[in-house]
Ligand SMILES: Nc1ncnc2c1ncn2[C@@H]1O[C@H](COP(=O)(O)OP(=O)(O)OP(=O)(O)O)[C@@H](O)[C@H]1O
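Numbering (the numbering used here), first residue to last: 105 to 365.
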């Protein structure tokens, strides 16, 4: 891997109107084949950061992918490099799951897409939702809808995959399916995955790196065991919590009480 490979964010500022939410944020060395969790309290700026990285809202500063400024790309090229799954999915889309997956692929084709239908089916199978292929998006449950939206992102095989709370509507089985698959596609295809999660134990279990955002600033950034500490949880979330290792060595968080404001 050369020195410029991966995603590097420098001096990034993002806001709405005159209100600045992210202020000169630096986040470097997000490497290919890795999964980074973005965690932090409500209104910390996680979605704002993801949407800026996806090129959906204006920002100042630098977002470089393999040393190349993403801001210089036209919308089609940008969408080919970066896929974003929003927290709130669009309502009432009159397409089947299969049609939606296929159309996501066709809107961002790559040279390897010899058989788009097979590729779409493969993604649905890996997510365990091939049985939903012919169902309409507007007749799915919340969790099924979330899985279908993830299929639409995965099938495009972007260089950067931005997932905003992709497990918020999922049961524990499907949470595991999604996080495991995120890691697998990252490693198989050299994708950079950045995922917003509120479940810190899930982030610790499945992500290589945890970035903790609070009030638009990075408070901590590191491997799960370094980033997730009782001190961070008290400072950032205002809770008294224990951080322990389970019998398999994974970080577990037990929240005991909310600290007084
Ligand atoms: N479209 C918008 N216009 C104006 N302000 C916004 C807009 N979207 C978000 N904000 C504000 O930006 C701040 C950060 O919001 P953001 O959605 O990025 O936070 P978040 O960390 O993703 O929160 P949550 O965990 O609650 O989803 C909040 O104060 C919010 O009110």
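Even glycine gets a Cβ: it sits at the ideal position worked out from N, Cα and C.
Next item on the list: Classify residue 348 as buried or exposed, calling it buried when 16 or more other Cβ atoms lie within 10 Å of its own Cβ.
Entry: Per the 10 Å Cβ criterion, exposed.
Notebook entry, point to check: Residue ranges of each alpha helix (DSSP H) run of no fewer than 4 residues wholly in the region 291 to 342, ordered along the chain?
Noted result: 304 to 310, 328 to 331
Check: Taking three-plus beta-carbon pairs below 8 Å as touching, is the region 145 to 162 in contact with the region 186 to 202?
Finding: The region 145 to 162, when compared against the region 186 to 202, does touch it at the 8 Å Cβ threshold.
Check: What does residue 189 pair with, by DSSP beta-bridge criteria?
Finding: 267
Item checked: Range covered by the beta strand (DSSP E) that runs through residue 200 -> Note, residue 200: premise wrong, no beta strand (DSSP E); not H, not E.
Next item on the list: Using 7 Å as the cut-off, classify the Cβ of residue 128 as near or not near the heavy atoms of ligand 1, replying yes or no.
Entry: no
Next item on the list: Work out the CA separation of residue 180 and residue 113 for me, nearest whole Å.
Entry: 21 Å
Next item on the list: Starting from residue 224, follow the alpha helix (DSSP H) in both directions and report where the run begins and ends.
Entry: 220 to 230
Note to self: If you reduce the DSSP assignment to three classes, tell me which class residue 105 lands in.
What the structure shows: Per-residue confidence for residue 105 stands at a pLDDT of 47, beneath the threshold of 50, marking its modelled position as unreliable; no derived number is given.
Item checked: Candidates 338, 138, 300, 353: closest to residue 147 by CA position -> 300
Next item on the list: Any chance you could list the residues with Cβ under 5 Å from a heavy atom of ligand 1, keeping chain order?
Entry: 120, 125, 146, 147, 148, 149, 150, 151, 152
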